[in-house]
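Using mature numbering (1 follows the signal peptide of the UniProt record, and there is no 0), the letters of the sequence shown correspond one by one to residues -18 to -1, 1 to 230.
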Amino acid sequence: MFLFPSFLLLGLVTASYAEPVTEGAQSTCPVIACSSPGLNGFPGKDGRDGAKGEKGEPGQGLRGLQGPPGKVGPAGSPGIPGLKGAEGPKGEVGPKGAEGPKGAMGKIAAEIAALQSELRGFKKWVFFSTSEQVGNKYFMSTGKKLSFYRAKAVCSQFQASVATPRNAEENKAVQKVARDIAYLGLTDERTENRFLDLTGRSVQYTNWNGGEPNNADNGEDCVVLLTNGKWNDVPCSDSFLVVCEFSD
Ligand code: MAN
Ligand code: CA
C-alpha cells in the first residue's frame, strides 16, 4: 500500500516528459534525449478474425434421432412394358342378331306352337275338373236350360256340339255330367221318326225309354236324356239343360 504514492508520482513525471513528442515518433525520441524506457502500456484492442480453419473431425457425442421422412419425390419415367399375359377363358355367347323375313315367320310359327301347347294344357285342366271323358271326347254341362235352337248356338260358340252319345259308355258319361234332363244332339225335324245327328247322319246307337219316341201331340222332334239315362222325344221349343261335347 505504501507504493501507491510513488507510482502515481512516476506517472505524472512521465506524462510531463511525453507532452512535446510529435505523433508517429513515439519510440525514436527525436527532440529530447531518451531516458530510461517507460513501463508497458495497456493491451491493445482485439485484432481482426483470422482465416477460417479446416473442417474438424466428426464429434464423438451421441448421434441425434432420425428426422421424419422427406416429401415424396416426382414420379419416375415409365418402365419397360411387361411380358404378354396368358390367354383368358372363352367369352359368353353374344346377343342374337336381327332376324330376316324367314326368321320372323319361324318365330311366329314357334309362338303358335307354344300357344297350341298352352291351350292343350288349359283344356286338359278344364276338362279334367268339369267334364266326363270317353276316349278323345269330353262332355261338359253348361248349367243352362235353353231351347234346342239356343242349345246348338251355345255349344257351337265353344267349337263344340250338343252331346250325342254314340254308345252306352258315352251315354253314361252324359248322364254323369247332366244333373237334370238334358238335350241330345238328335232331331227328326226333316223326316218324322228318322232321327239324325247334327251333321245330318243317321245314328246307330239309341237308348229310348219305353214307349218312346211317341211324338206326343205330334210336335216332338227333339231328344232329351232323362235322369235314368233313357231317351224321350220332346218339343224342340222346350227348355232343357245344355250339355256340349268337345273333341281333342
Ligand atoms: C210324357 C210322355 C213323353 C212326352 C212327355 C211330354 O212324359 O208322353 O213321351 O214326351 O210327356 O211332356
Ligand atoms: Ca216323347
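C-beta atoms are modelled at their ideal positions from N, C-alpha and C, and glycine is treated no differently.
Element boundaries [alpha helix (DSSP H), containing residue i]
i	result
ALA150	150 to 159
PHE130	130 to 139
From the options, residue whose alpha carbon lies closest to that of residue i
i	options	result
THR181	ALA142, VAL206, SER59	ALA142
PRO217	VAL159, TYR165, PHE104	TYR165
VAL156	GLY61, GLN186, PRO51, LYS119	LYS119
GLN186	THR146, ASN200, GLY125	THR146
VAL205	ILE90, TYR131, GLY29, GLN42	TYR131
GLY117	GLY103, GLU69, SER99, ASN149	ASN149
ASN175	SER99, ASP230, ASP203, LYS34	ASP203
residue 231	PHE140, LEU21, GLY192, THR169	Past the edges of the chain, shown from -18 to 230, lies residue 231, and the structure says nothing about it.
SER229	THR188, LYS37, LEU178, CYS137	CYS137
GLU227	SER18, PHE109, GLY23, ASN191	PHE109
ALA80	LYS89, TRP107, GLY103, GLY29	LYS89
Residue i - containing beta strand (DSSP E), residue span
i	result
CYS226	222 to 229
THR213	For clarity, residue 213 is Trp in the given sequence; the question names Thr instead. From DSSP, the beta strand (DSSP E) with TRP213 extends over 213 to 216.
THR169	164 to 169
LEU207	204 to 207
GLU39	Segment: none, GLU39 is in no beta strand (DSSP E) and carries neither H nor E.
residue 233	Beyond the ends of the chain as shown, which are -18 and 230, falls residue 233; an answer cannot be given.
GLU114	114 to 116
Expected contact under 8 Å - CB spacing of residue i and residue j to nearest Å
i	j	result
GLY211	LYS154	7 Å
LEU208	ASN214	6 Å
SER129	VAL159	Actually they are not in contact, since the Cβ atoms of SER129 and VAL159 sit about 20 Å apart, beyond 8 Å.
GLY167	VAL144	4 Å
SER111	PHE121	That belief does not hold up - the Cβ atoms of SER111 and PHE121 are roughly 14 Å apart, past 8 Å.
Any non-hydrogen atom of ligand 3 within 6 Å of residue i CB
i	result
ASN214	Ligand 3 is not among the ligands present in this structure, which contains only ligand 1 and ligand 2.
Exercise. Is the region 184 to 200 touching the region 219 to 226, taking contact as three or more C-beta pairs under 8 Å?
Worked result: no
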